[in-house]
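Structure, as structure tokens:
Protein chains: 2
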Amino acid sequence: MTTESLTQSQPATSHRQVSPTRLKILQVAAGLFAARGFSGVGVNEIGEATGLGRGALYYHISSKEDLLYDITTAYMSDLIAEGQSILESESDPTLRTQKLSRALMMAISEHLSEMTVCFRELHALTDERRRAVMSLHSDYQAIWSRSLSDGMAKGTFRPIPSTVLKGLLGMYFYSFLWLDPRGPQNAADIGDAFAEVVLRAVRA
Amino acid sequence: MTTESLTQSQPATSHRQVSPTRLKILQVAAGLFAARGFSGVGVNEIGEATGLGRGALYYHISSKEDLLYDITTAYMSDLIAEGQSILESESDPTLRTQKLSRALMMAISEHLSEMTVCFRELHALTDERRRAVMSLHSDYQAIWSRSLSDGMAKGTFRPIPSTVLKGLLGMYFYSFLWLDPRGPQNAADIGDAFAEVVLRAVRA
DNA sequence: GCAAACTTGTACCGATCGGTCTGTACAAAA
DNA sequence: TTTTGTACAGACCGATCGGTACAAGTTTGC
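In order, the protein sequences belong to chains X and U. Heads up: the first sequence at position 17 corresponds to 17 in the working numbering, and the numbers run straight through without jumps. Heads up: the second sequence at position 136 corresponds to 136 in the working numbering, and the numbers run straight through without jumps.
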């Protein structure tokens, strides 16, 4: 699911085509960035971890920052696409909240390194690109916002301040720090538990 | 309040004494680390921002990493001390939750750069120190945990999984990304709104 | 078999990294 | 007056930074 937006050929968007080598580089880089931060990882290190020399590395990428940008946009786009799909297919506010919650938690759990980078390394991007990624974050928040508004219109939910929505999403986003995908509780269970928190917060 | 643990003379702990110059360096470094990440900031830059040359800078600090470590431990210690104080002085579970919530949100808002560093730059510390700071995070979580357990014992609250507590705290910790201390909603209001979310989540 | 396109390693660029060293200005103590 | 200690600047250290140039090796289409 995540590789979808990385592997599909993209005529219109800024995504460049992705060779298997490039995909490998993106995955390795995500792991390194998650472990030591964008500026804490050198291109030498990325080369060593992928088994590529510097020249070979720069044949597949155009810059180190591109790596970070491509990782964040790809996975945020996946998140948005999945959220949009749930928003359109499930009309019951409560069930929709549960589905959104599970999907988000499972995405974070399955691609922990990439999501860590998405949520934590935003500051390493230059202005324009940072704004672009922040815009994707807003797009994702807008999906939840629309979902809650719809629940409000149906009388199931009560109105909440936007800061509370930001907080509730932070509950998920911050989980990259403590989440253990191999832990006793799987992502779906945590997603369900978080959905319960959200529902208690917004229920009329 | 935050400067307390930085300025007080420390006979027993590892905190070294803090001259005004050193305090200034810590504040400036926190701002830079928050803006560009620990590895993204050079010591040259810290020197320029404080108006100090390299020699002068290293007269006051022992290493760049020390700066990060001192910032995180100082502010986490403050958070823990304040939380402990609330835990001991307020026995009503609901009021205590509100006080903990407000105190946390206000601390984050008042020292946004330092808190950002506390929550986001952990990975830049070497193993031993990272563990030490993570232990402080656990200590803080334990305060909330004890508060909720007490509310449970009193029949006010219901039991919740530890992952839910981690999530609820993440709601606060992640706010460094969107919080605007000069924004329309002040930190106390947001703290109250978050307290309401927590109370709805844990109320029996 | 041969050329074109694709992939790679190595050497190299100027800049900057964290950290140290030497020297100095100055004030308090002796 | 000499000594001591503090606070500072700036040159300097080896190492590494992100990125490029280029030649050699490999695959592919004809």
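The beta carbon of each residue, even a glycine, is placed where N, CA and C say it ideally should be.
By the criterion of a C-beta distance shorter than 7 Å, PRO20 of chain X is surrounded by no residue of its chain, once the five residues flanking it on both sides are discounted. From the beta-carbon of ILE190 of chain X, the residues of chain U found nearer than 7 Å are THR163.
Sorting U:ILE86, U:ILE108 and U:TYR174 by C-alpha distance to the C-alpha of TRP178 of chain X places U:TYR174 at the top. Residue contact check for PHE194 of chain U against chain X: a CB pair falls below 8 Å. For VAL117 of chain U, the nearest beta carbon of chain X is not closer than 8 Å to its own beta carbon. A contact is defined here as three or more CB-CB pairs under 8 Å, and the stretch 19–38 of chain U meets this definition with respect to the stretch 52–70 of chain U. Taking C-beta separations shorter than 8 Å and ignoring five residues to either side along the sequence, the partners of ILE25 of chain X in its chain run ILE46, THR50, LEU52, LEU57, HIS60, ILE61 and LEU67, following chain order. Taking the C-beta atoms as reference points, SER147 of chain X is found nearer than 8 Å to THR97 of chain X. Taking C-beta atoms under 8 Å as the contact rule, ARG131 of chain X and LEU122 of chain X fail to qualify, at a distance of about 10 Å.
For the stretch 39–53 of chain X, residues whose beta-carbon sits nearer than 8 Å to a beta-carbon of chain U comprise SER39 and GLY40.
The Cβ atoms of GLN84 of chain X and ILE160 of chain X do not sit closer than 8 Å to each other.
Remark: C-beta atoms of GLU65 of chain U and THR126 of chain U approach each other more closely than 8 Å. Per DSSP, reduced to three states, the secondary structure at ARG158 of chain X is coil, with no helix or strand assignment.
Taking 8 Å as the threshold, the shortest C-beta distance from GLY151 of chain U to chain X does not fall below it. With contacts defined as CB atoms closer than 8 Å, ILE86 of chain X and ALA103 of chain X qualify as a contacting pair.
With 16 or more neighbouring CB atoms inside 10 Å of its own CB, ASP78 of chain X falls in the buried class. SER109 of chain U and ALA195 of chain U do not touch by the CB rule: their CB atoms are close to 15 Å apart, not below 8 Å.
For PRO181 of chain X, there is no enclosing alpha helix (DSSP H), as DSSP gives it neither H nor E.
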